[in-house]
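Novice:
Protein chains: 2
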Amino acid sequence: MSKDAARDKIIYAAKCRFSHFGYGKTTMAEVAGDCEMSAGNLYRFFPGKLDIAEAIATEDYENHLNHLRKIAVLPGKNGPERLRELLFEELRRTYHKLEKDPRALEMAQVISRERPQFANWMLANERKIIVELMEESERRGEYVPPGDKQEIAEMIQSATMKFRYPQLWSKLTLPKLERELDGVLKLLIEGLCPLRMAAQHENAA
Amino acid sequence: MSKDAARDKIIYAAKCRFSHFGYGKTTMAEVAGDCEMSAGNLYRFFPGKLDIAEAIATEDYENHLNHLRKIAVLPGKNGPERLRELLFEELRRTYHKLEKDPRALEMAQVISRERPQFANWMLANERKIIVELMEESERRGEYVPPGDKQEIAEMIQSATMKFRYPQLWSKLTLPKLERELDGVLKLLIEGLCPLRMAAQHENAA
DNA sequence: AAATTGAACGCTTTGTTGATTATTCAGAGA
DNA sequence: TCTCTGAATAATCAACAAAGCGTTCAATTT
C-alpha cells in the first residue's frame, strides 16, 4: 500500500471513530486495528494523534473554504452584499456544526487548545478571501475604503469575532446571533462605504 | 453593630484576604475571625461566599463606572472621540487589572463562571453610558446615526467584544490590542458618521 | 534494506480516600 | 425575641495509587 493510501485509510478510520465515540475515547490502538496495523506503525504516517485530528479538520475546512470562495464572487451581488453572505455563512456553518454534534465541539476545543496556530491559519485563509473580495470590488469600479486591505480585513475579523465560534463565548441562539451580526454589519458596511452614502446625499440635494 | 456596618466590615476583611491569598485560599472561618465573629454568623449578612466576592466586585466596578461616566461627557471632545476614549479606557483598565494581579484574574473567572448574570449587568451599565453619550451628542447638534440608540450601543459592544476581557480570548499584548481597537473603531466611527463624511466630500467638491 | 511489530516507558487520566471547607441549624446567651 | 455560636452535615478539594494510553524503539519479518 502506498504511503498516501495508508494515510487516507488512517484518516478515514479515525474520522469514523472520532465522530462515533469522540476524540478522547478513541485510542490509537483502535484506529490501528481498523487499519489492520499496529499502533506503533501509525507513527510512520503521522507524528501523533493530534495530527490525525488536524488532518481531518483540515480536510473538512478546505471544503468549507471552497464554499466560501464561491460566495465571495457570487454574481449579481456587490461587495458589501458578498461580505455579508460570507460572514453569515461562516456563522451558520460553525453554529450548526458545533450545535448538533458534541464530537465536533470536542475536536474543535482540543485542536484550538493544543494547536493555537490552527485557528490563526483559518483566520488567515478567510482574511485572504476578504482581501480578494475587496480587490474584485475595486476591479468592478465599486467604492472600496482606502488603506491597506490586509489590515481592513483584519479589523473586520476583529469586529465579528463574537460570531466565529459563537458557542464558546455565549449561549445565544442562532436567531439572536443573526440579528446581532446583522446589526454589526450594518454599522461596518456603512462605515466601509462613506462615499456611496455621500453620493446618495449629493443626489438627494 | 448595625447590619450595614457588619456588612462593610465583612467586605473589608474579605477584600484583604482575597487580594492577599486569593479567593480559593481564603476560608469563611478566616474572614469571620477577622471580623471577630463565627463563620456561621456570616450567613446572616451574605447568602454565601460568592456573594461576598460579588459585593466586592460590585463596589470596585461602581468606581470604574463613575470614571467612565466622566469620560463620556469629557469637555472639548465630540461624540466619536468620547466613544473612543471610553472604549480605550475600558481596554486599558481591564488589561492592567488582570495582567498584574493574578488574584483579580481568579476572582473575575470565578464570578463570570458562577454568576454569568454579573457580566450581563456590567454590559448593560456600559451600554447605558454609550446611549447617554449619543443622546448628549444629539443634543449638541452633532450627527448621530438614525435608529434605536439602545440597539446601536449593543452592536458597538458586539463589535468590540474582543477588547473587553482581552486575556480570556487571546495572548495579545496591550499595544497590539490598542492598534486593533483603533482599527476597529476607525471602521465603526466612520460608519457611524456617514453624513459628516458626506459633508466633507461636498466641501471638497 | 525497508516495513512492521509489540513490549517498554513515561505521561496523563481516573478512581479512591481522607481532610478541608462551605453551609445549616438547634440551642445558648443577650 | 433577637442575636449569635459551634457542632453537625454535606459538598468540595488534595493527595495518592492504579490503570490506561500515546509514544518510542529494539527486535522481527518481509
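Protein sequences appear in the order of chains A and B. Under this note's numbering, the first sequence has 171 at position 171, and the numbering climbs by one with no breaks. Under this note's numbering, the second sequence has 379 at position 174, and the numbering climbs by one with no breaks. Think of the CB as a built atom: it goes at the ideal place given N, C-alpha and C, for glycine as much as any other residue.
Give me the Cα-Cα distance between phenylalanine 368(B) and aspartate 4(A), rounded to the nearest whole angstrom.
Specialist: As a position in the second sequence, residue 368(B) is number 163, starting the count at 1. As a position in the first sequence, residue 4(A) is number 4, starting the count at 1. Each residue's alpha carbon lies about 44 Å from the other.
Novice: With DSSP as the reference, label methionine 37(A) as helix, strand or coil.
Specialist: Sequence index remark: in the first sequence, residue 37(A) carries index 37 (1-based). The answer is coil: DSSP assigns methionine 37(A) none of H, G, I, E or B.
Novice: What's the C-alpha gap between glutamate 235(B) and arginine 7(A)?
Specialist: Here residue 235(B) is taken as the residue at index 30 of the second sequence, counted from 1. Here residue 7(A) is taken as the residue at index 7 of the first sequence, counted from 1. Looking at the two C-alpha atoms, the distance is approximately 59 Å.
Novice: For the stretch 74–156 of chain A, list the alpha helix (DSSP H) runs that are entirely contained and at least 4 residues long, ordered along the chain.
Specialist: Within the stretch 74–156 of chain A, the complete alpha helix (DSSP H) runs of at least 4 residues are 79–100, 102–114, 116–139.
Novice: Applying the criterion that 16 or more other CB atoms from any shown protein chain within 10 Å of the CB defines a buried residue, is phenylalanine 21(A) buried or exposed?
Specialist: In the first sequence, residue 21(A) corresponds to position 21, counting from 1. When all chains shown are included, phenylalanine 21(A) counts as exposed.
Novice: Is leucine 393(B) near the ligand NAD - that is, is its Cβ less than 8 Å away from at least one heavy atom of it?
Specialist: Annotation note on the ligand NAD: not contained in the displayed structure, which lists no ligands.
Novice: Ends of the alpha helix (DSSP H) at alanine 251(B)?
Specialist: Here the question's residue 251(B) lines up with position 46 in the second sequence. Alanine is not the amino acid found at residue 251(B); the sequence shown has phenylalanine there. Note, phenylalanine 251(B): premise wrong, no alpha helix (DSSP H); not H, not E.
Novice: Of all the CB atoms in chain A, is at least one closer than 9 Å to the CB of alanine 329(B)?
Specialist: Counting from one through the second sequence, the residue named residue 329(B) turns up at place 124. Not an interface residue.
Novice: Helix, strand or coil, according to DSSP, for tyrosine 266(B) in the structure here?
Specialist: Here residue 266(B) refers to the residue found at position 61 when the second sequence is read from its first residue. Here tyrosine 266(B) sits in helix by DSSP.
Novice: So what does DSSP say about tyrosine 12(A), is it helix, strand or coil?
Specialist: As a first step, residue 12(A) must be located in the first sequence, where it is residue number 12. Tyrosine 12(A): helix per DSSP, three-state reduction.
Novice: At a CB-CB cut-off below 8 Å, which residues of chain B make contact with leucine 188(A)?
Specialist: By 1-based counting over the first sequence, the position of residue 188(A) is 188. Neighbours of leucine 188(A) on chain B, chain order: Ala364, Leu392, Leu393, Gly396.
Novice: I'd like the list of long-range same chain contacts for glutamate 89(A), defined as Cβ closer than 8 Å, with 5 residues on each side in sequence excluded.
Specialist: Position 89 of the first sequence, counted from the start, is the residue given in the question as residue 89(A). Excluding sequence neighbours, glutamate 89(A) sits near His67, Leu68, Ile71.
Novice: Under 9 Å between C-beta atoms, does glutamate 90(A) make it to chain B?
Specialist: Walking along the first sequence from the start, residue 90(A) turns up at place 90. Chain B contact via Cβ: absent.
Novice: Compute the Euclidean distance between the alpha carbons of phenylalanine 323(B) and glycine 76(A), then round it to the nearest angstrom.
Specialist: Position 118 of the second sequence, counted from the start, is the residue given in the question as residue 323(B). Position 76 of the first sequence, counted from the start, is the residue given in the question as residue 76(A). Spanning the two alpha carbons is a distance of roughly 46 Å.
Novice: Report the residue from Trp326(B), Pro380(B), Ser243(B), Ala358(B) whose alpha carbon sits nearest the alpha carbon of isoleucine 394(B).
Specialist: The residue labelled residue 394(B) in the question sits at position 189 within the second sequence. Selected option, being the one with the closest Cα: Ala358(B).
Novice: If glycine 245(B) sits next to glutamate 347(B), beta carbons under 8 Å apart, how far is it from one beta carbon to the other, in whole angstroms?
Specialist: What you label residue 245(B) is simply residue 40 of the second sequence in a count that begins at 1. What you label residue 347(B) is simply residue 142 of the second sequence in a count that begins at 1. The pair is not a contact, with the Cβ atoms about 57 Å apart (cut-off 8 Å).
Novice: Quick one: does methionine 360(B) have its CB under 9 Å from some CB of chain A?
Specialist: Here residue 360(B) refers to the residue found at position 155 of the second sequence. Closer than 9 Å: yes.
Novice: Starting from leucine 168(A) and walking both ways along the alpha helix (DSSP H), at which residues does that stretch end?
Specialist: If you number the first sequence from 1, residue 168(A) lands on position 168. Segment 166–169, the alpha helix (DSSP H) holding leucine 168(A).
Novice: If distances are taken between C-alpha atoms only, which option among Met327(B), Phe250(B), Lys214(B) comes closest to asparagine 268(B)?
Specialist: As a working note, residue 268(B) is residue 63 in the second sequence. Out of Met327(B), Phe250(B), Lys214(B), Met327(B) has the C-alpha closest to the C-alpha of asparagine 268(B).
Novice: Between glutamate 286(B) and chain A, is the shortest Cβ-Cβ distance under 9 Å, so that the two count as touching?
Specialist: The residue labelled residue 286(B) in the question sits at position 81 within the second sequence. Judged by the 9 Å Cβ criterion, glutamate 286(B) is not in contact with chain A.
Novice: Would alanine 258(B) and phenylalanine 223(B) be called neighbours here (beta carbons separated by less than 9 Å)?
Specialist: Position 53 of the second sequence, counted from the first residue, corresponds to residue 258(B). Position 18 of the second sequence, counted from the first residue, corresponds to residue 223(B). Yes. Within cutoff.
Novice: Could you tell me if proline 321(B) is buried or exposed, where buried requires 16 or more neighbouring beta carbons within 10 angstroms of its beta carbon?
Specialist: On the second sequence, residue 321(B) is found 116 positions in, with the first residue counted as 1. By the 10 Å Cβ count, proline 321(B) comes out exposed.
Novice: Buried or exposed, going by whether 16 or more other CB atoms sit within 10 Å of the CB of leucine 292(B)?
Specialist: Sequence index remark: in the second sequence, residue 292(B) carries index 87 (1-based). Looking at its Cβ environment, which holds 16 or more other Cβ atoms inside 10 Å, leucine 292(B) is buried.
Novice: Could you give the distance in angstroms between the alpha-carbon of lysine 9(A) and the alpha-carbon of isoleucine 111(A)?
Specialist: Translated into positions along the first sequence, residue 9(A) becomes position 9. Translated into positions along the first sequence, residue 111(A) becomes position 111. For lysine 9(A) and isoleucine 111(A), the distance between alpha carbons rounds to 21 Å.
Novice: Assign serine 363(B) to one of two classes, buried (16 or more other C-beta atoms within 10 Å of its C-beta) or exposed (fewer than that).
Specialist: Counting from 1 along the second sequence, the entry for residue 363(B) is found at position 158. It is buried - the Cβ of serine 363(B) has at least 16 other Cβ atoms within 10 Å.
Novice: Rounded to whole angstroms, what is the Cα-Cα separation between arginine 84(A) and isoleucine 11(A)?
Specialist: As a working mapping, residue 84(A) is identified with position 84 in the first sequence. As a working mapping, residue 11(A) is identified with position 11 in the first sequence. Each residue's alpha carbon lies about 34 Å from the other.
Novice: Chain B partners of glycine 48(A), CB-CB under 9 Å?
Specialist: As a first step, residue 48(A) must be located in the first sequence, where it is residue number 48. Under the 9 Å cutoff, chain B gives no residues; its nearest Cβ is about 23 Å from glycine 48(A).
Novice: Using a Cβ-Cβ cutoff of less than 7 Å, which residues in the same chain neighbour leucine 270(B) once the five nearest sequence positions on both sides are dropped?
Specialist: Within the second sequence, residue 270(B) is the residue found at index 65, counting from 1. So the list reads Asn330, once near-sequence residues are dropped.
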